[in-house]
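Written out below as structure tokens is the structure these notes cover.
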Amino acid sequence: MIQIKALSPKVQVILAGTSIGLVKIDENRVVLIDSGFDRRTGRRILELIGNYGYKVEAILNTHAHADHVGGNAVIQESTGCKIFASTNEAPAIGNPLMQAIALFGGAPFPELLNPFIIAEPSKAEIFDAKQIKFGETEIEIIDLPGHSIGQKGFLVDGVAFLADTLFSAQVINKHRLIYLFDPIAHIETCKRLRNLKADWYVGGHFSPINNINGLIAENLGHTEAAINFLKGLLAIPQSFDRLLKSFLTHFSVKKGGWEHFLYRATLNAYLSALKRSGGADFRVMDNLLVWYAVSN
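When you line the sequence shown up against the working numbering, it's residues 19 to 314, in that order.
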């Protein structure tokens, strides 16, 4: 069931699995922040907005993952609205096959071509400023890299939209290991959020709250624990697949099929983080890729 909650005179949030921002720019026009999981969600959002007499002027996408952009296409078709995203996310919104290619590293097999990975394509323009303005309403753009390559958040009228930077303890416990594109960037982003002042904070997958210090600590702890555990594993040189088995077993992850590749990509992200920070390296031995710890 879709619910709508007012957070300020200008800002509301639509709770539809993925949190969707609604920013009023005048009596009749609104800007959406993200659009939900799929075409069905997009239609329900349009119906809800129509009940209030609103017209969608634009959609601001935080990042290109399907559960945040899945409603783009139907909303754009129905309203002619513009869609904006960051330099590194807009291409994947227009060509979502890139998401499956990134996970697999080659032409993806059919099971990866599913709506959890690939949203309907939509035409997104690039914002490259620190703010974007609609009429008299200015929306500040916040850099939030880590979960995705060019993830952005938005701050407007005292409400901060943080996308998938922070997850609740319940979500972490459910998925056991949170997907990250770059753990180093994610840690830096989480630490910077300590200085972000807002009346309300809205995450992609948690209800609006007034204080995020606990969530920051929870997410930093999760990421740093994963890095430290991986460092321990690398004390003994190991192949990637052996590392993957030990890493996922430690987090009690048991995923088959296409979901397995999300976790493979996450381990690669952690290995890259350790290599870039000087804590790990690899060697190819008789065509076998072996990772090992490096003292720094």
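Cβ coordinates follow ideal geometry from the N, Cα and C atoms, glycine included.
Asked, Found
"Best match in Y197, K151, S295 and N90 for proximity to D175 [C-alpha to C-alpha]", "K151"
"Where L184 sits in the DSSP three-state scheme", "coil"
"Close beta carbons around F279, own chain, < 8 Å, minus the five adjacent residues each side", "L121, F122 and L130"
"V41 vs I67 beta-carbon contact at 8 Å", "no"
"Residues that R301 bridges to, as DSSP identifies them", "V308"
"Cα-Cα separation, V74 to Y197", "31 Å"
"Sub-8 Å separation of I93 and Q117 beta-carbons", "no"
"As assigned by DSSP and simplified to three states, the class of D161", "strand"
"Simplified DSSP assignment, three categories, for L357", "In the structure displayed, the chain extends from 19 to 314; residue 357 sits before or after that span and is not available."
"Which of helix, strand or coil DSSP assigns to I150", "strand"
"Segments of 3+ residues assigned as beta strand (DSSP E) that fall wholly inside the region 55 to 93", "73 to 78"
"Enclosing beta strand (DSSP E) for L33 [first to last residue]", "V29 to A34"
"Environment of V312 [buried if 16+ CB atoms lie within 10 Å]", "exposed"
"Residue range of the beta strand (DSSP E) that includes A24", "Q21 to A24"
"For R294, three-class secondary structure by DSSP", "helix"
"DSSP state of Y281 mapped onto helix, strand, coil", "helix"
"Closest Cα partner of I144 within the set L307, P109 and M303", "P109"
"Buried versus exposed call for I254 [16 or more other C-beta atoms within 10 Å across all chains shown]", "exposed"
"Three-state secondary structure assigned by DSSP to E45", "coil"
"Minimum C-alpha distance to G239 - residue among F224, L262, I205 and D200", "I205"
"Simplified DSSP state of I205, which is helix, strand or coil", "helix"
"Between the CA atoms of A142 and G98 - distance to the nearest angstrom", "12 Å"
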